[in-house]
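Participant:
Following this line, the structure appears as structure tokens:
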């Protein structure tokens with residue numbers, strides 16, 4: 063009886079269908095931001111490695127700003143800043159961009175894309191630079207072009223190094239979509255907030271929200287672990303050693319005299 067007065071089970075269970083119905087919105091933000099952010103991050107990483115004048119200085123400024131300010135503030139700057147820029151363009155150049163037709167989803171995806179690009183560019187840069195120069199030189203000595211060296215040597219090895227941190231960034235991005243309500247996007251967290259405000263069962267709504275986030279992130283973790291195993295490059299020396307000294311009765315364990 064005491065528990066029933068504090069925690070409303072019906073409100074808790076009833077929150078799941080409405081929160082789950084907003085999963086596609088959160089996944090859409092995550093998917094598009096991750097893809098566009100990864101492409102932009104690769105471009106920024108190449109600019110950093112090649113030390114391209116002017117562009118590298120702009121990259122440093124951009125990465126420093128995006129990493130040094132909260133995503134909440136970035137969402138507000140994008141949400142209010144883009145309409146101001148379009149209004150200024152309309153006034154100065156006589157154009158007629160309709161600011162009211164811009165979808166709220168656009169502001170959110172732009173913000174998360176830029177944020178992901180700033181953080182992931184450093185991950186990709188360090189992963190590319192972790193590839194041994196000897197392997198690159200050996201590939202070039204075989205007559206490979208720069209593109210072939212990148213595709214066959216640099217990309218596979220750097221992908222193995224970057225898989226785990228990029229996977230963690232993806233999980234962080236999905237959880238970060240909970241701030242999308244700032245720009246007026248109704249995703250899972252916004253829906254839980256609406257539910258809690260309508261029936262005054264805020265705790266039950268947010269407990270249901272936490273369980274949904276937790277379940278989806280468990281799925282993400284398993285997918286990322288699978289990708290890491292697929293990208294893992296086997297050590298030929300270790301394989302050879304297992305083949306020569308494995309014990310067929312001990313699942314590949316070494317035989318000792």
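Residue numbers (my numbering): 63 to 319.
From the three backbone atoms N, C-alpha and C, an ideal C-beta is built for every residue, glycine too.
1) Go ahead and pull the three-state DSSP assignment for residue 204.
2) Residues in the same chain with beta-carbon distance under 6 angstroms from residue 134, minus the five sequence neighbours each way, listed in chain order, please.
3) Taking residue 134 as part of the alpha helix (DSSP H), name the residues at either end of that continuous run.
4) Mind reading off the beta-carbon distance from residue 109 to residue 117? Whole number of angstroms is fine, and I expect it under 8 angstroms.
5) Suppose you measure from the CA of residue 106 to the CA of residue 179; what does that come to, to the nearest Å?
6) For residue 111 and chain B, any beta-carbon pair shorter than 8 angstroms?
7) Should residue 169 be labelled buried (16 or more other beta-carbon atoms within 10 Å of its own) or exposed?
8) What does the alpha-carbon distance come out to for the pair residue 316 and residue 223?
9) Secondary structure at residue 79, three-state DSSP: helix, strand or coil?
10) Excluding sequence positions up to five away, which residues of its chain have a Cβ less than 8 angstroms from the Cβ of residue 294?
11) Using C-beta distances below 6 angstroms, list every residue in its chain close to residue 183, excluding the 5 sequence neighbours before and after it, in chain order.
Facilitator: So, from the listed chains and residues:
1) Within the chain shown, residue 204 is the residue found at index 142, counting from 1. In the structure shown, residue 204 adopts coil according to DSSP, grouped into three states.
2) Along the chain shown, read from residue 1 onward, the residue named residue 134 stands at position 72. Closer than 6 angstroms at Cβ, skipping near neighbours: 241.
3) In the chain shown, counting from the first residue as 1, residue 134 sits at position 72. Here the alpha helix (DSSP H) through residue 134 covers 133 to 155.
4) Position 47 of the chain shown, counting from 1, holds the residue named residue 109. Position 55 of the chain shown, counting from 1, holds the residue named residue 117. Correct: roughly 5 angstroms between the Cβ atoms.
5) The sequence position of residue 106 within the chain shown is 44, counting from 1. The sequence position of residue 179 within the chain shown is 117, counting from 1. The C-alpha of residue 179 is placed about 8 angstroms away from the C-alpha of residue 106.
6) The question asks about chain B, but that chain is absent: this structure has only one protein chain.
7) Against the chain shown, residue 169 aligns to sequence position 107. So residue 169 counts as buried.
8) Here residue 316 refers to the residue found at position 254 when the chain shown is read from its first residue. Here residue 223 refers to the residue found at position 161 when the chain shown is read from its first residue. Model confidence at residue 316 stands at a pLDDT of 48, short of 50, so the residue's coordinates are unreliable; what they give is reported in the following sentence. So the alpha carbons of these two residues sit roughly 29 angstroms apart.
9) As a position in the chain shown, residue 79 is number 17, starting the count at 1. Three-state result, residue 79: helix.
10) Translated into positions along the chain shown, residue 294 becomes position 232. Cβ within range, chain order: 222.
11) Against the chain shown, residue 183 aligns to sequence position 121. The beta carbon of residue 183 is closer than 6 angstroms to those of 103, 106, 107 in its chain, skipping five residues each way along the sequence.
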